[in-house]
Amino acid sequence: GESVGLHLPTLSVQEGDNSIINCAYSNSASDYFIWYKQESGKGPQFIIDIRSNMDKRQGQRVTVLLNKTVKHLSLQIAATQPGDSAVYFCAERGNFGNEKLTFGTGTRLTIIP
Amino acid sequence: GAVVSQHPSWVICKSGTSVKIECRSLDFQATTMFWYRQFPKQSLMLMATSNEGSKATYEQGVEKDKFLINHASLTLSTLTVTSAHPEDSSFYICSARRDSGNQPQHFGDGTRLSIL
């Protein structure tokens, strides 16, 4: 949904553990979802995407789960590393014939050595 | 992988001047590019959709005369902040996507604009 000026949710995870970052999206008509990672002072970096006709997709150390019933998206990162510390955003694309993305508020992930 | 280059990465200028930011897709053609604005500790807010060869589509509340967008080629879009004032200080980020199929937007590394 629309982002608002709130403090970023934070998640601290021990290095080597798995992390799960959650996102609630607003538009039941959205047909495509993306997770981005943003490090300080840089632009968002693509991690993984999923279409609405799927409920799970796996990448290298990452898995995205989509639950359309409750409009929920999650990103699982396996065996977290210090380099995973960043802000993670989910983004949804509404099924309106354009390519506009709506970004979530973001979650700051901190990996504890 | 897809690469989007944004220039400059940092601009400091006096109030009243105009600033141009360039966004290039380096290894693919992009009919559509996007311009976002991001305030500290906040998410990305879409400002406008840049369309090659036609006028940009601005989001509600974004002044088109203030933020001029030109998308003259399939690999270059520019955002000009005209008569910039301190409240225009922000992090501006562009993105581009390949024209074919379900493709994600790929982002540049942003431009930090500081107006004194």
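Going line by line, the protein sequences match chains A and E.
Heads up: the first sequence runs through residues 1 to 113, numbered per this note's numbering.
Heads up: the second sequence runs through residues 1001 to 1116, numbered per this note's numbering.
Idealized CB from N, CA, C, for every residue including glycine.
- Runs of the alpha helix (DSSP H) spanning 4 or more residues and lying entirely within the segment 1040-1068 of chain E do not occur at all.
- Going by DSSP, A1096(E) is part of the beta strand (DSSP E) stretching over 1090-1096.
- Contact between the segment 64-71 of chain A and the segment 27-39 of chain A is present: three or more C-beta pairs spanning the two stretches fall below 8 angstroms.
- Neighbourhood of E99(A) in chain E, by CB distance below 9 angstroms: T1032, F1034, T1049, R1097, Q1103, Q1105, in chain order.
- Contact fails between the segment 1058-1066 of chain E and the segment 1014-1025 of chain E, because fewer than three Cβ pairs, one in each stretch, are under 8 angstroms apart.
- If you look at S1018(E), you'll find it isn't in any beta strand (DSSP E); DSSP assigns it neither H nor E.
- In this structure, DSSP gives D49(A) an extended state, which the three-state scheme calls strand.
- In the DSSP assignment, H72(A) falls within the unbroken beta strand (DSSP E) covering 72-77.
- Within chain A, S3, F89, F103, G104, T105, G106 have C-beta atoms less than 7 angstroms from the C-beta of S1043(E), given in sequence order.
- For C1094(E), the closest alpha carbon among the candidates K1066(E), T1057(E), T1049(E) is that of T1049(E).
- Within chain E, the C-beta atoms nearer than 9 angstroms to that of R51(A) come from N1102, in chain order.
- When rounded, the separation of the alpha-carbon atoms in Y25(A) and F1067(E) is 29 angstroms.
- For a cut-off of 8 angstroms, the C-beta gap from S1043(E) to G1108(E) is around 17 angstroms, too long to register as a contact.
- In this chain, the beta strand (DSSP E) harbouring S1114(E) covers 1111-1115.
- Residues are counted here when their Cβ sits less than 9 angstroms from a Cβ of chain A; for the segment 1071-1098 of chain E these are F1091, I1093, C1094, S1095, R1097, given in chain order.
- According to the DSSP secondary-structure assignment, F1028(E) is paired through a beta bridge with no residue.
- The bridge partners DSSP lists for Q58(A) are T63(A).
- Its Cα nearest to that of A1096(E), the residue Q45(A) stands out among G83(A), Q45(A), A78(A), V87(A).
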